[in-house]
Amino acid sequence: MELRTITPFIGMEVGGIDLREPVGDADFALIRHALNTHALLLFRGQTLTEADHVGFSRRFGPLLTHVLKQFLKPDFPEVYVLSNVVDGGKPIGNHKEGWNWHSDLSYKAEPCLGSLLYALETPPEGADTLFASMHAAYEALDGETQKRIRSLKGVHSYATYYGKAFADRTPLSDAQREAVPDISHPLVRTHPETGRLSLYVGQDVVRGIEGMAEEGDALLAELNAHAIDPRFTYRHVWQPGDLLIWDNRSTMHCATPYDDEKYRRVMHRTTVAGDRPF
Ligand SMILES: [Fe+2]
409 MELRTITPFI
419 GMEVGGIDLR
429 EPVGDADFAL
439 IRHALNTHAL
449 LLFRGQTLTE
459 ADHVGFSRRF
469 GPLLTHVLKQ
479 FLKPDFPEVY
489 VLSNVVDGGK
499 PIGNHKEGWN
509 WHSDLSYKAE
519 PCLGSLLYAL
529 ETPPEGADTL
539 FASMHAAYEA
549 LDGETQKRIR
559 SLKGVHSYAT
569 YYGKAFADRT
579 PLSDAQREAV
589 PDISHPLVRT
599 HPETGRLSLY
609 VGQDVVRGIE
619 GMAEEGDALL
629 AELNAHAIDP
639 RFTYRHVWQP
649 GDLLIWDNRS
659 TMHCATPYDD
669 EKYRRVMHRT
679 TVAGDRPF
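Going left to right, the sequence shown walks through residues 409 to 686 as the numbering used here numbers them.
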């Protein structure tokens, strides 16, 4: 197994490993450490079944299932499908998911530790994923701002996100809404394994700062804009066979468009359970 840095602030490529085979404990410890320190790991050229994908994902912890049950694989409900493909009149996955900067499942009381996204079919152009280091973003803030936001909390809301992202769709049912009530999380998050601080924000999904009105909205907009400064971001250009895992505790990411009339895209995602941000 070989590890190669992708950018100085985020990302490592892990080569010389076939994830169809069980990963030994020593190699897995290196992978886990690299995830904590570099936040994004890329494994190229993989040929994974759903069972392989789920099996490797479980090494990082228990897996979660997504609230949109219609896009889960029946035999592997841990696998959430992202796709524009329609099969027999039915979409096989969620399309236009994540076209805003966010950290996965931040609207949950215990957001996920990480996500593993595996590319089965990718368009030859477009559909890149952008990633941003929230450690780098926090550390680049001036000391005064760091101090000011340390005790503040953002209100994360799946209903707000869904209303903005999927305005053309059937509104969430009462049961779906109740499954994901609004939740407050600190704006500055401590990585539970390294202790390093990061900025914890998000577009659309964070609807305000707890206890602050317009002033909070302005601050939030400022922090969201800062968080995605190109200084902290990496653009991933997908190839079929890529498996990416990212640490949701220290990154945000954002999908980008592609010609969905012309090209097919099929991606499988698993999500590793995490703990309450502090
Ligand atoms: Fe996402």
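For glycine and all other residues, C-beta sits at the position ideal for the given N, C-alpha and C.
**Message:** Within 10 Å of its beta-carbon, does H474 have 16 or more other beta-carbons around it, so buried, or fewer, so exposed?
**Reply:** Looking at its Cβ environment, which holds 16 or more other Cβ atoms inside 10 Å, H474 is buried.
**Request:** Compute the distance between the beta-carbons of L443 and L449, then report whether it is under 8 Å.
**Result:** A contact, by the Cβ cut-off of 8 Å.
**Prompt:** If you drop the 5 nearest sequence neighbours on each side, which residues of the same chain put their C-beta closer than 8 Å to that of F686?
**Reply:** Here the set comprises P594, R597, T598, P600.
**Prompt:** What first and last residue would you give for the beta strand (DSSP E) that runs through K561?
**Reply:** Note, K561: beta strand (DSSP E), 561-564.
**Asked** DSSP on P499, reduced to helix/strand/coil?
**Response** In the structure shown, P499 sits in a strand (DSSP, three-state: E or B).
**Request:** Assign S581 to one of two classes, buried (16 or more other C-beta atoms within 10 Å of its C-beta) or exposed (fewer than that).
**Result:** Exposed.
**Message:** Between which residues of its own chain and A681 is the CB-CB distance below 8 Å, once the five residues before and five after are set aside?
**Reply:** Same-chain partners within the cutoff: G469, P470, L471, L472, E518, C520, L521.
**Prompt:** By how many angstroms is the C-alpha of H510 removed from the C-alpha of E458?
**Reply:** Their Cα atoms are separated by approximately 25 Å.
**DSSP three-state assignment for V489, whether helix, strand or coil** = In the structure shown, the three-state DSSP call for V489 is strand.
**Prompt:** What is the chain-ordered set of residues for which the beta carbon lies under 6 Å from any non-hydrogen atom of ligand 1?
**Reply:** The set, ordered by position in the chain, is G506, H510, D512, H661.
**Request:** Using three-state DSSP, classify P461 as helix, strand or coil.
**Result:** Residue identity differs from the one stated: residue 461 is His in this sequence, not Pro. Looking at H461 - three-state DSSP - the assignment turns out to be helix.
**Request:** Helix, strand or coil for A527, going by three-state DSSP, please let me know.
**Result:** If DSSP states are grouped into helix, strand and coil, A527 belongs with the strands.
**Residues that C662 bridges to, as DSSP identifies them** = DSSP lists L538 as the beta-bridge partner residues of C662.
**Request:** Specify, as a first and last residue, the run of the alpha helix (DSSP H) that D433 falls within.
**Result:** Membership of D433 in the alpha helix (DSSP H) is indicated by the continuous run 433-446.
**Meets three-Cβ-pair contact criterion under 8 Å: the stretch 552-570 and the stretch 604-622** = Touching, yes.
**Prompt:** Is it true that the CB of F417 sits closer than 8 Å to the CB of R467?
**Reply:** Taking the C-beta atoms as reference points, F417 is found no nearer than 8 Å to R467.
**Request:** Return the first residue and the last residue of the alpha helix (DSSP H) that D655 is part of.
**Result:** Counting along the chain, no alpha helix (DSSP H) covers D655; the unbroken beta strand (DSSP E) around it starts and ends at 651-655.
**Prompt:** Buried or exposed: where does G501 fall if 16 or more other Cβ atoms within 10 Å of its Cβ makes it buried?
**Reply:** G501 comes out buried.
**Prompt:** Using DSSP with H/G/I as helix, E/B as strand and the rest coil, what is T413?
**Reply:** In this structure, DSSP gives T413 an extended state, which the three-state scheme calls strand.
**Message:** Taking CB distances under 8 Å as the criterion, tell me whether V431 reaches chain C.
**Reply:** Annotation note: the requested chain C is absent from the structure, which comprises a single protein chain.
**C-beta contact flag for E505 and L524 at 8 Å** = Not in contact: E505 and L524 (Cβ atoms no closer than 8 Å).
**Prompt:** Expressed to the nearest angstrom, what Euclidean distance is found between the alpha-carbon atoms of G624 and R556?
**Reply:** Cα atoms of G624 and R556: separation of roughly 12 Å, rounded to the nearest angstrom.
**Message:** Checking the sheet assignment: what are the DSSP bridge partners for L450?
**Reply:** E421, L652, per the DSSP bridge assignment.
**Message:** Is the beta carbon of F539 closer than 8 Å to that of T659?
**Reply:** Pairing T659 with F539 gives a Cβ-Cβ distance under 8 Å.
**Message:** Can you tell me where the beta strand (DSSP E) holding T678 begins and where it ends?
**Reply:** Counting along the chain, the beta strand (DSSP E) containing T678 begins and ends at 674-680.
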